[in-house]
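Trainee: In our numbering, the protein residues as written are 95 to 256. Each residue gets a CB set at the ideal place from its N, CA and C atoms; glycine is no exception. So that we are looking at the same thing, I have put the structure below in C-alpha cells.
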C-alpha cells in the first residue's frame with residue numbers, strides 16, 4: 095500500500111465497504127450532543143458524517159469553548175448527559191489542559207476546542223468533504239472549507255431536495 099500524497103488521497107473513501115451514512119443511533123446521539131453543547135453555550139457547533147472516510151467513527155462533533163474551564167464544564171456536562179440517557183463513552187483526552195478535549199463516545203468523536211486551537215488544527219477544513227448533519231453548519235465561523243459541506247437537505251450533486 096502506498097502512502098497518500100495529498101489531502102484528497104487521505105480523505106478518499108476507504109477500500110473497505112463503509113456505510114454511506116452513519117448508523118441512525120450514532121446520528122441521533124450526535125445531534126443530541128450538539129444540542130447539549132449549545133445548551134451550555136458551546137460556540138460554532140458542527141456535526142459531520144465521516145462514515146465514508148473513517149473506520150474509527152461515524153460522526154464527528156466539533157465545538158468551540160470560551161476558555162479552558164468552559165471546555166472542562168462542557169466535557170463534564172456531556173458525561174452527565176450520557177449517564178442520564180444510558181449512553182457510554184470509551185475515554186477522554188486533554189481534560190487537564192482544556193485546550194482540546196477529545197471525548198470518544200464509541201461511533202462519535204467529540205472535539206471541544208479553544209478558538210485558537212480549533213483554527214490551528216482546522217478539523218472542519220480537514221473533513222470538508224464530509225456531509226454536515228446540521229442544516230446551518232455552513233455558518234461555522236473560521237472553518238476553512240466548511241461552506242462546502244453538504245447538508246442532509248442536499249443530494250450528492252449539491253441540489254437541494256424538497
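In this structure, does DSSP put residue 151 in helix, strand or coil?
Mentor: Within the chain shown, the letter at position 57 stands for residue 151. Coil.
Trainee: Starting from residue 130, follow the alpha helix (DSSP H) in both directions and report where the run begins and ends.
Mentor: Along the chain shown, read from residue 1 onward, the residue named residue 130 stands at position 36. Counting along the chain, the alpha helix (DSSP H) containing residue 130 begins and ends at 118–133.
Trainee: Determine, using beta carbons only, whether residue 152 and residue 120 come nearer to each other than 8 Å.
Mentor: Taking the first residue of the chain shown as position 1, residue 152 is located at position 58. Taking the first residue of the chain shown as position 1, residue 120 is located at position 26. A contact, by the Cβ cut-off of 8 Å.
Trainee: Leaving out five residues before and five after residue 158 in sequence, what residues of the same chain have Cβ atoms less than 6 Å from its Cβ?
Mentor: In the chain shown, residue 158 corresponds to position 64, counting from 1. The answer, listed in chain order, is 137, 138, 207, 209 and 212.
Trainee: Given a threshold of 16 other Cβ atoms within 10 Å of its Cβ, counted over all protein chains shown, does residue 172 qualify as buried or as exposed?
Mentor: The count along the chain shown starts at 1 and reaches residue 172 at position 78. The residue is buried, with at least 16 neighbouring Cβ atoms inside 10 Å.
Trainee: Relative to the C-alpha of residue 131, which residue among 166, 180, 116 and 148 is closest?
Mentor: Along the chain shown, one-based indexing puts residue 131 at 37. Cα-wise, what sits closest to residue 131 is 166.
Trainee: Can you give the beta carbon distance from residue 221 to residue 142, rounded, assuming they're within the 8 Å contact cut?
Mentor: For the purposes of this step, residue 221 is taken as residue 127 along the chain shown, with counting starting at 1. For the purposes of this step, residue 142 is taken as residue 48 along the chain shown, with counting starting at 1. Indeed, because the Cβ distance is near 5 Å, the residues count as touching under 8 Å.
Trainee: Tell me, which residues are paired with residue 187 by DSSP?
Mentor: In the chain shown, the residue the question calls residue 187 occupies position 93. According to DSSP, which records beta bridges pairwise, residue 187 is partnered with 196.
Trainee: Is the separation between the beta-carbon of residue 160 and that of residue 134 shorter than 8 Å?
Mentor: Looking up residue 160 in the chain shown gives position 66. Looking up residue 134 in the chain shown gives position 40. No. Outside cutoff.
Trainee: In three-state DSSP terms, what is residue 207?
Mentor: Numbered from its first residue, the chain shown carries residue 207 at position 113. In this structure, residue 207 counts as strand in the three-state DSSP scheme.
Trainee: Excluding sequence positions up to five away, which residues of its chain have a Cβ less than 6 Å from the Cβ of residue 187?
Mentor: Locating residue 187 in the chain shown gives position 93, where the first residue counts as 1. So the list reads 196, once near-sequence residues are dropped.
Trainee: Along the chain, where does the alpha helix (DSSP H) that runs through residue 143 open and close?
Mentor: To locate residue 143, count along the chain shown from 1; it is residue 49. Careful: residue 143 lies outside any alpha helix (DSSP H), inside the beta strand (DSSP E) at 137–143.
Trainee: Could you compute how far the alpha carbon of residue 127 sits from the alpha carbon of residue 203?
Mentor: As a working note, residue 127 is residue 33 in the chain shown. As a working note, residue 203 is residue 109 in the chain shown. Distance between the alpha carbons of residue 127 and residue 203 is about 11 Å.
Trainee: Just to confirm before moving on: does the CB-CB distance between residue 162 and residue 193 stay below 8 Å?
Mentor: Along the chain shown, read from residue 1 onward, the residue named residue 162 stands at position 68. Along the chain shown, read from residue 1 onward, the residue named residue 193 stands at position 99. Yes.
Trainee: Thinking C-beta only, is residue 144 closer than 8 Å to residue 226?
Mentor: Within the chain shown, residue 226 is the residue found at index 132, counting from 1. Within the chain shown, residue 144 is the residue found at index 50, counting from 1. Against a cut-off of 8 Å, the Cβ pair of residue 144 and residue 226 comes out as no contact.
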